[in-house]
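The next block holds one structure in the form of structure tokens; read it before the comments.
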Amino acid sequence: MSTSHRVDMGACRNPSLNIRPDLARAATAITGRSMDDELVGPRGTWWWTGKAPADCPGFDKAAGVLRSLPLPNLRSFTRQSVLDYFDNVWTLTEVLFASLQTTDAFIRQPYHQLRHPMMFYYGHPAVLYINKFRVAGLLDKGVNPYFEQLFETGVDEMSWDDLSRGRNDWPPVREVHQYRKQAYVVVRDVILNHPALDKAEVGWDDPAWAIFMGFEHERIHIETSSVLIRELPLSSVRKPEFWPDYHPSTLNSSAPVPTEGVDFPINNMVPVAGDKVVLGKDIAYPSFGWDNEYGRKELQVQAFSATKYKVTNGEFLRFVKASGYMNPKYWSAEGWGWKTFRNVKWPTFWMPDGPQGLHRYKLRVLFDAVDMRWDWPADVNYHEARAFAAWRTEQDGSSVRYRLITEAEHNLIRNTRDRVDAHMLIAADHSAAAAEPNRRPSANEHVSADAAMLTSGTDALKSSAGGFNIQLAYGSQNPVTELPPSEKGFHDVFGNAWEWGEDHYAAYPGFKVHPYYEDFSVPCFAGKHQLIFGGSFISTGQLASKFARYQFRPHFFQHATFRLVKPDVDMSLYDGARYGAQNPVTPFYETSCMDAAPPHVGDGPCCSVTRRAAFTPTQAEEVASTRAKLEAAQVAYESDAILAQYLSLHYGPLDRIYPDMVRETGMIADALDFPRKLAECLTAWADRCGVLTSGPAETVSASGRDVALGPRALDLGCAVGRSSFELARRFCKVVGVDISKTFIEVASKIRDNGRMDYDCALEGEITERLTAALPAPSHAEKYPIEAGRCQFIQGDACDLPSALGQFDAVLAANLLCRVPEPSACLAQVKASLRPGGVALITSPFSWLEQYTDRSNWLGGGYKDGLPNRSADVLKSLLAPDFEILEEGSMPLIIREHSRKYQLINAHKLVVQRKGQ
1 MSTSHRVDMG
11 ACRNPSLNIR
21 PDLARAATAI
31 TGRSMDDELV
41 GPRGTWWWTG
51 KAPADCPGFD
61 KAAGVLRSLP
71 LPNLRSFTRQ
81 SVLDYFDNVW
91 TLTEVLFASL
101 QTTDAFIRQP
111 YHQLRHPMMF
121 YYGHPAVLYI
131 NKFRVAGLLD
141 KGVNPYFEQL
151 FETGVDEMSW
161 DDLSRGRNDW
171 PPVREVHQYR
181 KQAYVVVRDV
191 ILNHPALDKA
201 EVGWDDPAWA
211 IFMGFEHERI
221 HIETSSVLIR
231 ELPLSSVRKP
241 EFWPDYHPST
251 LNSSAPVPTE
261 GVDFPINNMV
271 PVAGDKVVLG
281 KDIAYPSFGW
291 DNEYGRKELQ
301 VQAFSATKYK
311 VTNGEFLRFV
321 KASGYMNPKY
331 WSAEGWGWKT
341 FRNVKWPTFW
351 MPDGPQGLHR
361 YKLRVLFDAV
371 DMRWDWPADV
381 NYHEARAFAA
391 WRTEQDGSSV
401 RYRLITEAEH
411 NLIRNTRDRV
421 DAHMLIAADH
431 SAAAAEPNRR
441 PSANEHVSAD
451 AAMLTSGTDA
461 LKSSAGGFNI
471 QLAYGSQNPV
481 TELPPSEKGF
491 HDVFGNAWEW
501 GEDHYAAYPG
511 FKVHPYYEDF
521 SVPCFAGKHQ
531 LIFGGSFIST
541 GQLASKFARY
551 QFRPHFFQHA
561 TFRLVKPDVD
571 MSLYDGARYG
581 AQNPVTPFYE
591 TSCMDAAPPH
601 VGDGPCCSVT
611 RRAAFTPTQA
621 EEVASTRAKL
631 EAAQVAYESD
641 AILAQYLSLH
651 YGPLDRIYPD
661 MVRETGMIAD
671 ALDFPRKLAE
681 CLTAWADRCG
691 VLTSGPAETV
701 SASGRDVALG
711 PRALDLGCAV
721 GRSSFELARR
731 FCKVVGVDIS
741 KTFIEVASKI
751 RDNGRMDYDC
761 ALEGEITERL
771 TAALPAPSHA
781 EKYPIEAGRC
791 QFIQGDACDL
801 PSALGQFDAV
811 LAANLLCRVP
821 EPSACLAQVK
831 ASLRPGGVAL
841 ITSPFSWLEQ
851 YTDRSNWLGG
861 GYKDGLPNRS
871 ADVLKSLLAP
881 DFEILEEGSM
891 PLIIREHSRK
901 YQLINAHKLV
911 VQRKGQ
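Numbering of the sequence shown is given in UniProt numbering, commencing with residue 1 and proceeding in unit increments.
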């Protein structure tokens with residue numbers, strides 16, 4: 001078999017360009033003889049390995065197409081109804097795959113190289129039936145061991161650049177077709193004859209559960225395969241016979257430049273009151289469900305507003321024209337990485353109909369290109385949806401950041417009957433509940449109805465239980481205004497296109513893995529997959545269920561769109577000086593992934609109610625957090641081990657602490673005796689700037705206290721005092737401040753006694769007794785240490801006592817990333833330094849939420865989509881009041897034990913306060 005053209009070897013990274021066809025050429029215009037002519041044009045009768053479409057349950061005779069049957073009720077079925085449901089999904093798969101033209105369409109790897117070719121998905125659903133039937137004990141042996149391994153496992157790519165060329169030895173279509181033929185016979189025989197279906201009701205623990213698992217798994221792949229087909233070149237596909245027609249609006253021409261309110265609706269926000277939502281499906285509910293649907297999670301949802309419609313292509317065009325794809329400030333770091341890698345400039349299924357910049361587009365539907373439908377939902381991935389939300393926040397001048405909907409919020413915009421907790425909202429005398437008093441209301445399909453069980457593709461649009469574009473009612477999406485709104489005023493809550501959610505895929509409390517499919521959900525419980533809600537036009541069976549919880553990585557495409565949400569916020573709760581239209585708040589909102597059931601806990605910042613780093617703190621939360629972090633910092637520095645590390649850093653002795661390093665040169669040498677070098681740097685700059693007098697500092701007594709008659713220095717975060725003592729060589733008065741009571745006591749003890757013994761770690765529990773001592777005075781020294789000039793105070797570097805007054809020099813060494821509010825610390829530096837005074841600020845910028853809330857970091861993240869470096873932020877904050885005298889690095893080495901050291905290269909900034 002030829003292996004040419006299986007991969008787009010020279011394809012551009014932009015998927016829109018990769019799938020761009022010659023619009024003047026019909027997709028069916030494949031000419032010339034081929035070794036696989038039988039795979040060109042309509043399929044012959046040989047193609048159908050089960051029932052032919054016209055003979056299949058679900059065939060709509062009036063339209064001449066095959067649509068989906070309702071999701072089976074597992075308390076009310078016959079072998080024939082189960083067989084009908086199987087025949088329906090089996091033949092729907094084959095109708096879809098009849099769209100593929102030539103063998104190349106089967107073996108061509110997708111342009112993104114993140115999924116298998118279509119050949120895999122042609123064989124995979126059939127293989128899963130056989131494999132899962134064996135796991136469940138319904139079969140003793142397989143059909144073809146090689147195929148049952150080759151087609152067993154799909155792909156969940158780790159990232160948008162996790163590319164793979166894939167295999168090039170796929171079996172011929174005819175061989176996989178033959179396997180499907182054999183598998184169909186086996187599955188049909190199990191349905192008609194196996195005693196597992198003799199039970200009146202099938203539940204989670206029954207072997208027959210695997211039968212329905214196979215059905216719903218195949219329906220998943222009808223939908224996911226349709227996206228891969230939509231991504232193929234038009235020359236590789238054609239709309240197959242028996243496939244439902246696209247929405248009739250595709251026959252209409254569309255305006256090249258759409259007008260809001262004419263070509264697409266004005267999409268206002270509709271308010272929704274807050275309420276309690278209980279998520280999770282009852283294990284006894286009589287329909288098949290995947291393991292992630294079960295359990296119970298209660299959330300209290302705050303009031304919010306959401307767009308009446310899903311965001312349309314017309315709305316999204318404004319973002320494209322505004323260069324939204326060119327501006328990193330609207331994108332997350334990961335999203336911008338994906339966008340840049342793929343060179344994306346518009347949604348992936350928009351097809352340029354003219355030069356770039358003209359903004360004329362066709363719309364790629366499953367098998368064809370049609371005139372752009374401006375009033376259809378915009379097919380985008382999560383990254384694009386979030387970028388649009390950021391752009392709209394800016395455009396509207398909102399003080400509250402727009403976002404996507406959450407799982408619990410989605411339940412609140414539904415009809416009451418369509419909520420997953422509808423059973424909790426019924427009247428006490430509900431007739432269906434009264435008729436079956438021994439059944440839990442949550443397990444009663446008559447109390448908590450599911451449209452997927454009540455509607456087929458033939459009646460889904462008009463049924464009183466539906467009103468949704470699901471179950472293949474159409475073969476495409478539809479205008480967002482076409483179908484009636486929910487009782488809350490929202491259109492297309494189900495069907496048309498999935499909605500991206502803010503929740504990560506996670507387990508509810510009570511979750512358990514189903515033994516027949518152990519790796520269905522658990523591999524995706526890692527904070528890397530976003531939930532999608534509501535189903536699409538091609539969602540059939542369980543996919544269309546109100547309980548459905550599906551997920552994809554944020555760069556994936558899955559007939560998915562979004563609607564915007566704006567939380568209701570009392571802005572008076574936030575710091576008005578920091579937040580507003582120029583810096584919108586991101587209020588806390590609870591998602592279903594927070595505090596997931598162990599061991600399936602995500603590690604992202606959104607995965608816990610208490611870890612709120614992704615959200616804007618209220619003023620009250622900021623105060624509480626600052627207090628807690630101050631207390632934590634105090635505790636962190638009170639241990640004997642930390643004290644010993646700091647004593648060794650400050651006092652050595654160098655030949656005992658760094659025996660193998662004292663003879664080194666370069667950076668290692670520069671890193672030794674760090675506290676002394678800090679003081680020397682600050683003193684030298686103070687001298688250059690005229691801060692110091694030419695002679696030794698002196699003090700006189702006044703009213704019983706020492707009063708400085710010379711320059712004063714402040715050492716913020718003085719630790720155990722070495723830099724303070726070194727500053728006392730030239731400064732008349734030095735005040736050392738630290739949050740640690742132990743550090744202050746030790747510094748004071750060394751001041752008074754000149755030394756202090758301590759135990760320095762060698763390894764494990766073995767220690768060495770050393771002495772921390774002030775350097776011995778030398779006759780060669782012009783300025784000896786005057787320890788009596790030092791005063792040590794326990795205090796908060798962000799909130800100093802005003803009585804300390806102003807100083808001529810301030811040292812803040814490696815402090816900024818260890819205080820709750822670095823900006824307040826800088827303000828304290830300014831307030832403490834007289835005009836003309838000099839400050840030395842060093843920091844490794846080791847930001848940790850243990851010490852500093854993410855919202856208070858000086859840089860260390862992304863702003864407007866670009867890296868926001870801490871050094872740049874620091875300089876910009878200081879610029880109005882300080883002149884920069886020197887910028888560079890100051891290395892240091894901290895010893896943990898005799899064979900483990902930390903080498904830190906701190907950023908150094910010397911500044912002088914402006915003014916006289």
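Note that the Cβ used here is the ideal one computed from N, Cα and C, for glycine as well.
Mark residue i as exposed unless 16 or more other C-beta atoms lie within 10 angstroms of its C-beta, in which case mark it buried.
i: residue 924; result: Any answer about residue 924 is impossible in this case: the structure gives the chain only from 1 up to 916.
i: Arg913; result: buried
i: Tyr146; result: exposed
i: Asp738; result: buried
i: Ser724; result: buried
i: Asn905; result: exposed
i: residue 917; result: The structure shown does not extend to residue 917, since the chain is modelled only from 1 through 916, so no value can be given for it.
i: Ser253; result: exposed
i: Met890; result: buried
i: Ser539; result: buried
i: Arg722; result: buried
i: Arg627; result: exposed
i: Lys281; result: buried
i: Met453; result: buried
i: Phe792; result: buried
i: Glu174; result: Position check: residue 174 holds Arg in this sequence, whereas Glu was assumed. It is exposed - the Cβ of Arg174 has fewer than 16 other Cβ atoms within 10 Å.
i: Ser2; result: Summary for Ser2: the model assigns pLDDT 40, below 50, so the residue's position carries little reliability, and this model does not support an answer.
i: Gly690; result: exposed
Quick test of your reading: residue i and residue j, contact by CB under 8 Å. State the CB separation rounded to the nearest angstrom.
i: Met372; j: Asn313; result: 6 Å
i: Gly860; j: Phe845; result: 6 Å
i: Ala772; j: Ile750; result: 6 Å
i: Ala432; j: His446; result: 4 Å
i: Gly58; j: Gly457; result: 7 Å
i: Leu762; j: His897; result: 6 Å
Span of the alpha helix (DSSP H) holding residue i?
i: His116; result: Segment: none, His116 is in no alpha helix (DSSP H) and carries neither H nor E.
i: Asn313; result: 313-321
i: Ala761; result: Segment 755-763 is the beta strand (DSSP E) holding Ala761; no alpha helix (DSSP H) there.
i: Leu714; result: Per DSSP, Leu714 belongs to no alpha helix (DSSP H); it is in the beta strand (DSSP E), 712-716.
i: Met213; result: 209-230
i: Val173; result: 173-193
i: Asp84; result: 79-97
i: Ala728; result: No alpha helix (DSSP H) contains Ala728, which DSSP labels as neither H nor E.
Could you name the residues that DSSP lists as bridge partners for residue i?
i: Ala906; result: Met890
i: Asn469; result: Gly495
i: Thr842; result: Ala813, Lys908
i: Ile532; result: Trp500, Tyr550
i: Ile583; result: The question names Ile, but residue 583 in the sequence shown is Asn. Gly580, per the DSSP bridge assignment.
i: Val277; result: Leu299
i: His559; result: None, per the DSSP bridge assignment.
i: Leu66; result: Phe59
i: Tyr361; result: Pro352
i: Phe792; result: Gly736
i: Thr771; result: Asp757
i: Ser305; result: Pro271, Lys566
May I ask which residues mark the beginning and end of the beta strand (DSSP E) holding residue i?
i: Gln477; result: No beta strand (DSSP E) holds Gln477; DSSP gives it neither H nor E.
i: Pro271; result: 269-272
i: Val202; result: No beta strand (DSSP E) holds Val202; DSSP gives it neither H nor E.
i: Ala369; result: 369-371
Is any heavy atom of the ligand ZN found at a distance shorter than 7 Å from the C-beta of residue i?
i: Leu714; result: Annotation note on the ligand ZN: not contained in the displayed structure, which lists no ligands.
Handout entry: Segments assigned alpha helix (DSSP H), at least 4 residues, entirely inside the stretch 411-464
Key = The qualifying runs are 431-435, 451-454.
Problem - Uninterrupted alpha helix (DSSP H) stretches inside the stretch 649-676 (no shorter than 4 residues) - result: Taking only runs of at least 4 residues, the alpha helix (DSSP H) segments lying wholly in the stretch 649-676 are 654-657, 667-671.
Practice task
Starting from the N-terminal side, write out each stretch of the alpha helix (DSSP H) that is 4 residues or longer and does not extend beyond the stretch 852-899.
Solution key: Runs found: 870-878.
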